[in-house]
Each structure stands twice: as structure tokens, then as C-alpha cells.
Amino acid sequence: MSARRRLFVALMLGRELAEPLVRAVDAVLVGPADETGLRRYAPPDLHLTLFFLGATAPESIEPLGLALGELAARHGPLDLCVTRAGAFPARGRERVLWLGVAEARPGGLARLAADVAGACVGLGARPEVQPWRAHVTVARVRERMRPRVPERFYDLDLELGWKPTRLQLVESLAGRERVEGERESCRVVADFALATR
0 MSARRRLFVA LMLGRELAEP LVRAVDAVLV GPADETGLRR YAPPDLHLTL FFLGATAPES
60 IEPLGLALGE LAARHGPLDL CVTRAGAFPA RGRERVLWLG VAEARPGGLA RLAADVAGAC
120 VGLGARPEVQ PWRAHVTVAR VRERMRPRVP ERFYDLDLEL GWKPTRLQLV ESLAGRERVE
180 GERESCRVVA DFALATR
């Protein structure tokens, strides 16, 4: 039996949007990770998670892909904007630093996330415990570190427009041995076109 894979469903930002976003974040989160206590994400890893599946059996990937492909074709187009900075669980108790995502026409993104969650749970995934919130994680606090998050991080308000055209099933490589030279912490397993209507 093959090993389970840590999967999630997401909208990947792509380099055109991710690179200026990372430059803006890096300009305020200065210093190496061992000094700041933060592990910043590289441009190829930036995404908006729609549903976290966790450890997934290999035999579940094909039916999951079929369901995601069908629902992706029913959703879109999306007109999004990466906006203000925030933290989970809260400012001053940071574990995750993020940038919020807003919609020009509210409702489409939340419907997509709800349909993705419904499809995943329908195929045996555990429902999310926390309510879904549209955001892009830009940094995580390193284990056993107390982060130094400058106030100016919370002043970020990027207003970067984004029109995703694809839905992705993604594997998290966190905690796995990487191929030499591999920098990314996630890899797209399957990719589905969103509707263009």
C-alpha cells in the first residue's frame, strides 16, 4: 500500500502575482528566520486554501480529481484582490501571518469554497473545524520561537488584483525529504479550469 499524501485544494497565485507580493512582505519582515522566528513562503508556494484534506490515501485521488474537475467547470470567473495583513490566532499571539482576499463581486469565492468542502467531505474527508476565511498565508512562526512581527506588517494593504483561472489539488511537502535543489514546500497534483462565462 502506498503512503498517504498530505493534500489540500487551492487557488495558486502564480509567479506574476506572487513575486511582487513576496517582495512587499519581505520589505517589512526583514531578517533571517532564526532572528525573526518566521518562515516566509516562497512565490511558488503562495495560495488560497479552499479545503485542507490532510493525509489522503492514493486511491482517493482519482475520484477527488473527477469531483473537483466537475465543480471547477461550474464556478468562475473570479475577480479577487489580495488586501490587508493579519494573523492567526490573533495579533500579538501570531502563529500564521496572512494577507486577506476580497472579491469585486462578493459570493463567488465563498460558494466555490463551500462546494469544494462539500465534494471533499462527500468523498470521506473530515469537515473543517474552523470557519473558512479567504486569505493567503505568507509566513508561519517557527516551532518553539517567539516571533518578531513589526507593526508595519499590519499596515500592508496591497490591493493586488487577481483573476484565478484554475483550481488545484496540491500536495504539501512539509516534513518530507525534498529532491535536491527543490525549494517549494508544495506541489500541484492536479489542475482544473474554472468556468470562463
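Numbering (numbering that gives the first Met the number 0), first residue to last: 0 to 196.
By construction, the Cβ of each residue, glycine as well, lies at the ideal position given by its N, Cα and C atoms.
Everything numeric in this text was worked out from a predicted model, so none of it was measured.
(1) Can you give me the C-alpha to C-alpha distance between Pro105 and Glu150, rounded to a whole angstrom?
(2) Is it true that the CB of Thr48 sits closer than 8 Å to the CB of Trp97?
(3) Just checking my contact of Pro146 with Leu37 at CB under 8 Å: how many whole Å lie between their CB atoms?
(4) Should Leu10 and Pro130 be called a contact, given that it needs their Cβ atoms to be closer than 8 Å?
(5) In three-state terms, what does DSSP make of Asp78?
(6) Helix, strand or coil for Thr35 per DSSP?
(7) Over what stretch of residues does the alpha helix (DSSP H) that includes Ala133 continue unbroken?
(8) When you compare each of Phe7, Ala23 and Ala32 to Met144 by their alpha carbons, which one comes out closest?
(9) Identify, in the order they occur along the chain, each residue of the same chain with its Cβ nearer than 8 Å to the Cβ of Arg94, setting aside the five sequence neighbours on each side.
(10) In the DSSP assignment, find the unbroken alpha helix (DSSP H) run with Gly117 in it and report its ends.
(11) Which of helix, strand or coil does DSSP assign to Leu70?
(12) Do Gly75 and Leu193 count as a contact pair if the criterion is CB distance below 8 Å?
(13) Could you name the residues that DSSP lists as bridge partners for Val95?
(14) So the candidates are Gly117, Leu111 and Val100; which of them puts its Cα closest to the Cα of Glu158?
Inspection of the coordinates gives the following:
(1) 29 Å
(2) no
(3) 5 Å
(4) no
(5) coil
(6) helix
(7) Taken as a continuous stretch (DSSP letters only), Ala133 belongs to no alpha helix (DSSP H), as it is neither H nor E.
(8) Ala32
(9) Ala86, Phe87, Pro88, Arg139 and Val140
(10) Gly107 to Gly121
(11) helix
(12) yes
(13) Phe87 and Arg139
(14) Val100
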